[in-house]
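Counting from 0, one number per residue, gives the positions in the sequence shown under numbering that gives the first Met the number 0.
Don't be surprised by glycine CBs; every beta carbon is placed ideally from N, CA and C.
Treat the numbers as computed from the prediction; the structure is a model and nothing was measured.
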Amino acid sequence: MSRERGSIAIVALWGVALIAVLLAAASAATRSEVFVAGNALGSARARLAAEAGTQLGLARLLRGERDPQTWQDGGTAVRIAIVDEAGKIDINLAPLDLLTGLFTAAGKPHDVAERLACNVLDRRGDMAPPCPQPDTRRTYRFAAIEELAGVPGIDAPLYERVADCVTVATGASAIDPSVAPRMVLLALPGATEGLVDSYLDSRGFWGGQALPALPFLMASPRRDFTIEAVAITADRARYRADLQIRLTETPSRPYQVMGWRNSSRIPPS
0 MSRERGSIAI
10 VALWGVALIA
20 VLLAAASAAT
30 RSEVFVAGNA
40 LGSARARLAA
50 EAGTQLGLAR
60 LLRGERDPQT
70 WQDGGTAVRI
80 AIVDEAGKID
90 INLAPLDLLT
100 GLFTAAGKPH
110 DVAERLACNV
120 LDRRGDMAPP
130 CPQPDTRRTY
140 RFAAIEELAG
150 VPGIDAPLYE
160 RVADCVTVAT
170 GASAIDPSVA
180 PRMVLLALPG
190 ATEGLVDSYL
200 DSRGFWGGQA
210 LPALPFLMAS
220 PRRDFTIEAV
230 AITADRARYR
240 ADLQIRLTET
250 PSRPYQVMGW
260 RNSSRIPPS
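Quick look at the structure:
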């Protein structure tokens, strides 16, 4: 009888241990599901706030307001920027030197940057010394900037660095320096960091008139804009939405939507 009672106690202990293990596994699974659900909820909240931010930015643009703004929606902060596309490099028309300068400004050695620029020209079906003859059997223009990521030699990190500096909207082989970001200005042949930083320091006061004459500069018609909205929730979920529009001269239809992008890619602060 004593041995039987001991055996029953051992079986009972093993049963209790098994139940504890099952409860722990169930608890871990529940916590994991709650965590995943919380992340999904935070991401959805950030996405909706960013998309709302683009609409607020559009309303401000139509009123002629173009300064950056931060909108607070409860615990979610939304940074809204209105970017003139004329300050970016049009990858369908930019010459070899300007593209080479862009990839150099993004951190590539000059010979690598030139080879990448040649690959962009090859994709377009254009040619320029010292690039090889383009493969005309497969050439076509870029319909969206995301297609730049498919050019040979342009990996994801490089694309992320240059994505905010390129466009397909302007139809110009030059850029407007008065609205161009720093990396685009550094892409200009003959530009130096000191020259560009000095120009950026004075641009807000003098409207961009302090930049010396450099190649590939133009005055912008100011028709195409991208409204960038980056939402950051209280639990640090992030989302970015970009709305690209073209202003018209038609009162009944003051703008035309040219593109829409949702992305978890967050621009540098």
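Identify the residues that DSSP records as bridge partners of Phe224: which are they?
In the sequence shown, the residue the question calls residue 224 occupies position 225. Assignment of beta-bridge partners to Phe224 by DSSP yields Asp83, Ile244.
Please return the same chain residues whose Cβ sits closer than 6 Å to the Cβ of Ala240, not counting the five positions on each side in sequence.
Taking the sequence shown and counting its residues from 1, the one referred to as residue 240 is at position 241. Shown here for Ala240: same chain residues with a beta carbon closer than 6 Å to its own, the five before and five after excluded, namely Ala49, Glu50, Thr53, Ala228, Asn261 in chain order.
Report the start-end ranges of each alpha helix (DSSP H) in the stretch 137-199 that is 4 residues or longer and not cut off at the edges.
DSSP runs (the alpha helix (DSSP H)) wholly in the stretch 137-199: 155-161, 181-185.
Ile18: buried (16+ other C-beta within 10 angstroms of its C-beta) or exposed?
Locating residue 18 in the sequence shown gives position 19, where the first residue counts as 1. Counting Cβ neighbours within 10 Å, Ile18 comes out exposed, since fewer than 16 surround it.
Can you list, in chain order, the residues of its chain with a C-beta nearer than 6 Å to that of Pro269? Leave out the 5 residues immediately preceding and following it.
Outside the displayed range of the chain (0 to 268) lies residue 269, so it cannot be described from this structure.
DSSP state of Leu115 mapped onto helix, strand, coil:
Here the question's residue 115 lines up with position 116 in the sequence shown. Reduced to three states, the DSSP call for Leu115 is helix.
Where Gly41 and Met126 are concerned, what is the direct C-alpha to C-alpha distance, given to the nearest angstrom?
As a position in the sequence shown, residue 41 is number 42, starting the count at 1. As a position in the sequence shown, residue 126 is number 127, starting the count at 1. Here the alpha carbons of Met126 and Gly41 stand approximately 48 Å from one another.
What are the start and end residues of the beta strand (DSSP E) that includes Asp72?
As a first step, residue 72 is located in the sequence shown; it is residue number 73 there, counting from the start. Judged by DSSP secondary structure, Asp72 falls within the beta strand (DSSP E) whose first and last residues are 68-72.
Using the three-state DSSP reduction, which class does Ile88 fall into: helix, strand or coil?
Position 89 of the sequence shown, counted from the start, is the residue given in the question as residue 88. Per DSSP, reduced to three states, the secondary structure at Ile88 is strand.
If you reduce the DSSP assignment to three classes, tell me which class Ala230 lands in.
Mapped onto the sequence shown, residue 230 falls at position 231. Strand at Ala230.
So what's Gln255 in DSSP terms, helix, strand or just coil?
Locating residue 255 in the sequence shown gives position 256, counting from the first residue. In the three-state reduction of the DSSP assignment, Gln255 falls in the strand class, which pools E and B.
Arg46, DSSP secondary structure in three states:
As a position in the sequence shown, residue 46 is number 47, starting the count at 1. It is helical.
Same chain only: Cβ atoms within 7 Å of Arg252, ignoring 5 sequence neighbours per side:
Position 253 of the sequence shown, counted from the start, is the residue given in the question as residue 252. Around Arg252: no qualifying Cβ.
Just the C-alpha distance for Pro176 and Met217, rounded to the nearest angstrom, thanks.
For the purposes of this step, residue 176 is identified with residue 177 of the sequence shown, where counting begins at 1. For the purposes of this step, residue 217 is identified with residue 218 of the sequence shown, where counting begins at 1. Cα to Cα, Pro176 sits roughly 8 Å from Met217.
Look at the alpha carbon of Asp234 and the alpha carbon of Leu147, and state the distance between them as a whole number of angstroms.
Within the sequence shown, residue 234 is the residue found at index 235, counting from 1. Within the sequence shown, residue 147 is the residue found at index 148, counting from 1. For Asp234 and Leu147, the distance between alpha carbons rounds to 33 Å.
For Ala93, which residues in the same chain have their Cβ closer than 7 Å to its Cβ, ignoring the five residues on either side in sequence?
Start at 1 with the first residue of the sequence shown, and residue 93 comes out as number 94. Hits under 7 Å: Ser172.
On the DSSP bridge list, what partners appear for Ser262?
The residue given as residue 262 occupies position 263 in the sequence shown. Ser262 is bridged to Arg239.
My understanding is that Ala186 touches Ile88, with C-beta atoms under 8 Å, so please give their C-beta distance in whole angstroms.
The residue you call residue 186 lines up with position 187 of the sequence shown. The residue you call residue 88 lines up with position 89 of the sequence shown. That pair is a contact at about 7 Å.
Alpha carbon to alpha carbon, how far is Asn91 from Arg140?
As a first step, residue 91 must be located in the sequence shown, where it is residue number 92. As a first step, residue 140 must be located in the sequence shown, where it is residue number 141. Put simply, the backbone Cα of Asn91 is about 6 Å away from that of Arg140.
Mark Val270 as exposed unless 16 or more other C-beta atoms lie within 10 angstroms of its C-beta, in which case mark it buried.
Outside the shown range of the chain, which is 0 to 268, sits residue 270, and nothing can be said about it.
Should Ser219 go down as buried or exposed, given a rule of 16 or more other Cβ atoms within 10 Å for buried?
One-based indexing of the sequence shown puts residue 219 at position 220. A residue is called buried when at least 16 other Cβ atoms come within 10 angstroms of its Cβ; Ser219 meets this threshold and is buried.
In angstroms with no decimal places, state the Cα-to-Cα distance between Leu84 and Gln71.
The residue you call residue 84 lines up with position 85 of the sequence shown. The residue you call residue 71 lines up with position 72 of the sequence shown. Per the sequence shown, residue 84 should be read as Glu rather than Leu. The alpha-carbon of Glu84 is positioned some 26 Å away from that of Gln71.
Pair within 9 Å by beta-carbon distance, Leu115 and Val165
If you number the sequence shown from 1, residue 115 lands on position 116. If you number the sequence shown from 1, residue 165 lands on position 166. No, the pair does not count as a contact, with Cβ atoms beyond the cut-off.
Start-to-end residues for the alpha helix (DSSP H) that takes in Leu216
Against the sequence shown, residue 216 aligns to sequence position 217. That residue, Leu216, is in no alpha helix (DSSP H); it is neither H nor E in DSSP.
Option nearest Ala168 by Cα separation, candidates Ala155, Ala190, Tyr158, Ala143
Locating residue 168 in the sequence shown gives position 169, counting from the first residue. Per the Cα distances, Ala143.
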